[in-house]
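A.B. asks: In this note's numbering, the protein residues as written are 94 to 321. Note that the Cβ used here is the ideal one computed from N, Cα and C, for glycine as well. Sharing a structure with you now.
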């Protein structure tokens, strides 16, 4: 059951969208402003976001920019009829679709289903590089850079960081990282994964970067970097 994040400062809109999506079989979670939306994307890991453009403080376009810097989360904009320019900008930023207010709940539900089908049937990401903050990973050359400096990693350390970089915001358990780190199915203790993390962090220390965050009681995720 897909989890849909609904972001709108109008509680009536949130209620209407919740009713329609839950009736269609989706799980729904909410954010009432842009700051909450960004945090929810990182912590709740929704499958799709329905995002209002016109919100106070941090508007939908700013949220879209921030989310797109970290992930490929599908985004459907809610826009007003007179926000054509914002719709165009939103689509250029990477939104997947938009619905114009006032909208039909049935139409919104159909758009959500359509975008999810499109995403699920799309071929996997074949990008040759992974970029996140100061980190840049060249998958073909098996090299990783912090800014302009190359950081020497073992194959196991590289595989661990590759998994984290592919899914920014996702918290990996040690068991999940084990599966990525040892592609031949080797089983090691969770303490071994912790040791790899210590060595990875030590190698980035000289560049003033901590690439991995510990999520206590769960595991690890790639660090969040401000995007200027």
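Between residue 209 and residue 139, what straight-line distance do the alpha-carbon atoms span, to the nearest angstrom?
C.D. replies: 12 Å
A.B. asks: For a quick check, are the C-beta atoms of residue 205 and residue 144 less than 8 Å apart?
C.D. replies: no
A.B. asks: Are residue 196 and residue 183 touching if we call contact CB-CB under 8 Å?
C.D. replies: no
A.B. asks: Per DSSP, what are the beta-bridge partners of residue 229 in this structure?
C.D. replies: In the DSSP output, where bridge partners are listed per residue, residue 229 has 224 and 238.
A.B. asks: Leaving out five residues before and five after residue 199 in sequence, what residues of the same chain have Cβ atoms less than 8 Å from its Cβ?
C.D. replies: 113
A.B. asks: Among residues of its own chain, excluding the 5 on either side of residue 293, which ones have a beta-carbon nearer than 8 Å to its beta-carbon?
C.D. replies: Only 246, 250, 253, 254, 304 and 305 meet the Cβ criterion.
A.B. asks: Closest to residue 95 by C-alpha separation, out of 185, 213, 130 and 162, would be which residue?
C.D. replies: 213
A.B. asks: Excluding the 5 residues flanking residue 233 on each side, which residues of the same chain have their C-beta closer than 6 Å to its C-beta?
C.D. replies: 221
A.B. asks: Quick one: Cα of residue 321 to Cα of residue 269, how far?
C.D. replies: Any reading at residue 321 needs caution, since the residue's pLDDT is 39, under 50, leaving its predicted position unreliable; the model's value is listed next. Between residue 321 and residue 269, the C-alpha separation is close to 31 Å.
A.B. asks: So the alpha helix (DSSP H) residue 115 belongs to, where does it begin and stop?
C.D. replies: 104-116
A.B. asks: Output the boundary residues of the alpha helix (DSSP H) element that contains residue 94.
C.D. replies: First-last for residue 94: undefined, no H or E at that position.
A.B. asks: Express the C-alpha separation of residue 104 and residue 192 in angstroms, rounding to a whole number.
C.D. replies: Looking at the two C-alpha atoms, the distance is approximately 18 Å.
A.B. asks: To the nearest angstrom, how far is it from the Cα of residue 299 to the Cα of residue 107?
C.D. replies: 47 Å
A.B. asks: Does DSSP put residue 172 in a helix, a strand or coil?
C.D. replies: strand
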